[in-house]
Amino acid sequence: RKGMVNNKFNYFIMSKLAEAGIPTQMERLLSDTECLVKKLDMVPVECVVRNRAAGSLVKRLGIEEGIELNPPLFDLF
1 RKGMVNNKFN YFIMSKLAEA GIPTQMERLL SDTECLVKKL DMVPVECVVR
51 NRAAGSLVKR LGIEEGIELN PPLFDLF
């Protein structure tokens, strides 16, 4: 079930981006859990949104584990 939800959510987001004129890799859905995409060269970017301090963030910033981050912290790697 999770694969179906993720696939449909991804297709929805990619469709909205395409409607806004932003090119995407998405071609079409093949099934509930599969989609056809264009082969692309990947841009190595990772985005992380944190609502609570944990793991490497605690070590990096020297803050208390578990505290709420308001607004959430957005990291781009």
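Residue 1 is where the sequence shown starts when you use the UniProt record's numbering, and the numbers rise one by one after that.
Glycine included, C-beta positions come from ideal geometry on N, C-alpha and C.
Computed from a predicted structure; not experimentally measured.
Inter-residue spacing [alpha-carbon to alpha-carbon] between residue i and residue j
{"i": "Ser31", "j": "Val43", "result": "27 Å"}
{"i": "Ala20", "j": "Gly3", "result": "26 Å"}
{"i": "Arg1", "j": "Lys59", "result": "36 Å"}
{"i": "Ala18", "j": "Phe12", "result": "10 Å"}
{"i": "residue 79", "j": "Pro71", "result": "Nothing about residue 79 can be read from this structure; the chain reaches only from 1 to 77."}
{"i": "Lys16", "j": "Asp41", "result": "22 Å"}
Beta-carbon proximity list for residue i, same chain, < 6 Å, skipping 5 on both sides
{"i": "Phe74", "result": "Val49"}
Integer-rounded CB distance, given that residue j should sit under 8 Å from residue i
{"i": "Phe77", "j": "Glu34", "result": "Not confirmed; about 29 Å, so no contact."}
Those residues which DSSP pairs with residue i across a bridge
{"i": "Phe74", "result": "Val49"}
{"i": "Val37", "result": "Met26"}
{"i": "Leu68", "result": "Inspection of the sequence shows that residue 68 is occupied by Glu rather than by Leu. Bridge partners of Glu68: Arg52."}
Cβ neighbours of residue i in the same chain (closer than 8 Å, five flanking residues each side left out)
{"i": "Glu27", "result": "Cys35, Leu36, Val37 and Lys38"}
{"i": "Glu64", "result": "Ala53 and Val58"}
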